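*Asks:* There's a structure below that I have some questions on.
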Amino acid sequence: MNIEIERKFLLRNDGWRDEVVGVERLRDGLLGEFDSGKIRVRLAESAASLAIKSPGSGLARREFEYPIPRADAEFLLATISGELIVEKLRYRVFHGGFEWSVDVYEKQLAGIALAEIELDRADREFPLPGWVGREVTDDPRFHKRNMMRSALASAARKVERSPGRSAPAPG
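For the record, in the sequence shown the residue sitting at position 54 is 53 according to numbering that gives the first Met the number 0, with numbers rising by one throughout.
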């Protein structure tokens, strides 16, 4: 059983790009949620996994992550996740002796980029790179499922307001 301690930040600028050591395309699909916990499937270029994340307590929460066959991940994304699939490029960045992930979202969430750092304990001090902006760890607007729901609701409102759409004439 693993304890996940993660801090999430907005980006101030593109300075992180100078420190990139790797990148991978990810597709995450929400399979279920409970309290503030969730079950998600991830399909990466290198592997596929199923994760169960418990409701959090401060910065920490329990995370159970298991490798699964790629075909299983593809099936779960296609059949269960529905529209709650997040696509992003995850850049690995090293700064000040710590590994950061910079997620650059695509498709419905295009234009959003966040930096996150996983720590071994909640009180771990670490140097903030100059490219890191405001911390959003506790801001529910930056939880993936809320970002996706907001993007889907926005897309639905655009469709409702698009010109040329009218209600059918009464029969």
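The beta-carbon is built from N, C-alpha and C at its ideal position, and this holds for glycine as well. Here the structure is a predicted model, which means the values were calculated and not measured.
Indicate whether Arg41 and Ser35 have their beta-carbon atoms separated by less than 9 Å.
*Replies:* Against a cut-off of 9 Å, the Cβ pair of Ser35 and Arg41 comes out as no contact.
*Asks:* So, at 6 Å on beta carbons, what are the nonlocal neighbours of Asn12 in its own chain, with the 5 sequence-adjacent residues on each side left out?
*Replies:* The answer, listed in chain order, is Trp130.
*Asks:* Could you tell me how far apart the beta carbons of Leu113 and Lys37 are, in whole angstroms, since I believe they sit closer than 8 Å?
*Replies:* Contact doesn't hold; Cβ gap of about 17 Å is too wide.
*Asks:* How many angstroms separate the CA atom of Glu117 from the CA atom of Thr136?
*Replies:* Glu117 and Thr136: Cα-Cα distance of roughly 12 Å.
*Asks:* Looking only at its chain, what residues have a beta carbon closer than 6 Å to the beta carbon of Glu134, apart from the 5 residues adjacent to it on each side?
*Replies:* The residues are Phe8.
*Asks:* So Glu44 packs on Arg69, CB below 8 Å; how close in whole Å?
*Replies:* At roughly 10 Å, the Cβ-Cβ gap does not stay under 8 Å, so Glu44 and Arg69 are not in contact.
*Asks:* Does DSSP put Asp102 in a helix, a strand or coil?
*Replies:* Asp102 falls in the strand class under three-state DSSP.
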